[in-house]
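Respectively, the protein sequence lines represent chains Z and W.
When you read off a place in the first sequence, starting at 1, and then add 140, the result is the number in my numbering.
When you read off a place in the second sequence, starting at 1, and then add 242, the result is the number in my numbering.
We treat Cβ as the ideally placed atom computed from N, Cα and C, and that holds for glycine.
Here the structure is laid out as structure tokens; the discussion comes afterwards.
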Amino acid sequence: MDFETIIIEGTLILKIKGELDQYNADRYRLRFDMKIVSPEVQKVVIDISELSFMDSSGVGFLVGRFRTAKAFAKELVLVCNSNYINKLLSTCGIEKLIKKYTTIEEALS
Amino acid sequence: MKVLNYMELKIPSKAQNEAFARVAVAAFVAQLDPTLDEITEIKTAVSEAVTNSIIHAYEDKIGEIIIKGKIYENYIVEIEVIDFGKGIEDVELARQPLFTTKPDQERSGMGFTVMETFMDKLEVTSEVGRGTCVRMFKAIKKRKSEGVEIEQGFPGGIDK
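Put into structure tokens, the structure is as follows:
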């Protein structure tokens, strides 16, 4: 797993690539939280469109980052256009908790 | 059902082996020429079962996980994930969506639900102090146009 960070006018975009499983969730949890709590960040967009694999540990990871953002009164949304990951997210009932968009442009507007 | 092919894999319960286990199972199932969705769903289910063994069955110690794969006639795949860890006290409760014994560790409690959703059948047997066996089945759609004839390679099948 790897990720790119972009900050546009107070919005932090975290684009995750590769495989998000328990092993990677444990490795990246703290690094993501450090970026999310940064004072210059008001809103967080996590783009998971380019993940090649994710399981329920990855879902737990996303919910964890959502809770971090919420604890610091920041909005966190997801961008995902992968059918398989969307199926996983809806199986886990994530759409009720975290807003999801199909493109970064929509998430930013 | 006649077994046409099988495999067995033994790995220590290290988190880095999650990726290896699911890719190995995917490579085994690939001979049935599944769709990318079917492969990904099997990989996800394997990942959930192996993660459970690592996180819950063995917790802070390293134990052995055995992964068995079988291909039956009619494109049926069976995957078993077996551990010799602490076992599950109440399997029915553990299979409930959102149930987790480790909410503090960001566990979603959706592992068994994901296995059930992505596979066609799921059986969980467990004994406290002895271990757990997760047995999953999935029917791969036969794609005649691709000309896949898996039975030709194993006349009569394998009795196992």
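Less than 7 Å between C-beta atoms, sequence neighbours within five positions excluded: which residues of the same chain meet that for residue i?
| i | result |
| --- | --- |
| E358 (chain W) | L364 |
| G150 (chain Z) | E180, V181, Q182 and K183 |
| A266 (chain W) | L251 |
If I measure Cβ to Cβ from residue i and keep anything under 8 Å in the same chain, skipping five residues before and after, which residues do I get?
| i | result |
| --- | --- |
| N221 (chain Z) | S189, T242 and T243 |
| V199 (chain Z) | L228, L229, C232 and I234 |
| M194 (chain Z) | E159, L160, D161, I188, I225 and L228 |
| R171 (chain Z) | none |
Enumerate in chain order the residues of its own chain whose CB-to-CB distance from residue i is below 6 Å, with the five nearest sequence positions on each side excluded.
| i | result |
| --- | --- |
| Q309 (chain W) | The sequence as given places Ile at residue 309 (chain W); Gln does not occur at that position. Around I309 (chain W): L251, A263 and V323. |
| R372 (chain W) | G329 |
| K384 (chain W) | Y317 |
| E320 (chain W) | K312 and F379 |
| F360 (chain W) | E283, T286 and A287 |
| F206 (chain Z) | L216 and I238 |
| T367 (chain W) | C375 |
| E144 (chain Z) | K155 |
Does any CB atom of chain Z fall closer than 8 Å to the CB of residue i?
| i | result |
| --- | --- |
| I307 (chain W) | no |
| E290 (chain W) | yes |
| G327 (chain W) | no |
| A299 (chain W) | no |
| A257 (chain W) | yes |
| F396 (chain W) | Confidence is the limiting factor: at F396 (chain W) the pLDDT is only 46, short of 50, which leaves the residue's position unreliable and the question unanswerable from this model. |
Counting only C-beta atoms, is residue i closer than 8 Å to chain W at any point?
| i | result |
| --- | --- |
| S197 (chain Z) | yes |
| C232 (chain Z) | yes |
| G150 (chain Z) | no |
| V203 (chain Z) | yes |
| F193 (chain Z) | yes |
| Y224 (chain Z) | yes |
| L237 (chain Z) | no |
| L248 (chain Z) | no |
| L228 (chain Z) | yes |
Residue i bridges to which residues according to DSSP?
| i | result |
| --- | --- |
| F143 (chain Z) | Z:I156 |
| I308 (chain W) | W:K252 and W:I324 |
| T151 (chain Z) | Z:I148 and Z:K183 |
| I313 (chain W) | W:N247 and W:V319 |
| V333 (chain W) | Partner(s): none; V333 (chain W) has no beta bridge. |
| Y241 (chain Z) | Z:V219 |
In the DSSP assignment, find the alpha helix (DSSP H) that holds residue i and state where it starts and stops.
| i | result |
| --- | --- |
| A291 (chain W) | L278 to N294 |
| E245 (chain Z) | I244 to L248 |
| L170 (chain Z) | Q162 to I176 |
| D363 (chain W) | The question names Asp, yet the displayed sequence has Lys at residue 363 (chain W). Careful: K363 (chain W) lies outside any alpha helix (DSSP H), inside the beta strand (DSSP E) at K363 to E369. |
| E260 (chain W) | N259 to V271 |
| L229 (chain Z) | N223 to T231 |
| G353 (chain W) | G353 to F360 |
Within the continuous beta strand (DSSP E) that includes residue i, where are the two ends?
| i | result |
| --- | --- |
| F379 (chain W) | G373 to A381 |
| L218 (chain Z) | E215 to V219 |
| F193 (chain Z) | L191 to M194 |
Beta carbon of residue i: closer than 7 Å to some heavy atom of the ligand MN?
| i | result |
| --- | --- |
| S189 (chain Z) | Questions concerning the ligand MN fall outside what the structure shown contains, since it holds no ligand whatsoever. |
Exercise. Taking a cut of 7 Å between CB atoms, which residues from the region 260-292 of chain W lie near chain Z?
Worked result: For chain Z, the residues of the region 260-292 of chain W that bring a beta carbon within less than 7 Å of one of its beta carbons are E260, A261, D279, T282, K285, T286, S289 and E290, in chain order.
Problem set entry | Residues of the region 328-360 of chain W with Cβ closer than 7 Å to any Cβ of chain Z, in chain order | E348, R349, S350, M352, G353, T355, V356 and T359
Exercise. Can you list, in chain order, the residues of the region 144-169 of chain Z whose Cβ is nearer than 8 Å to any Cβ on chain A?
Worked result: Annotation note: the requested chain A is absent from the structure, which comprises protein chains Z and W.
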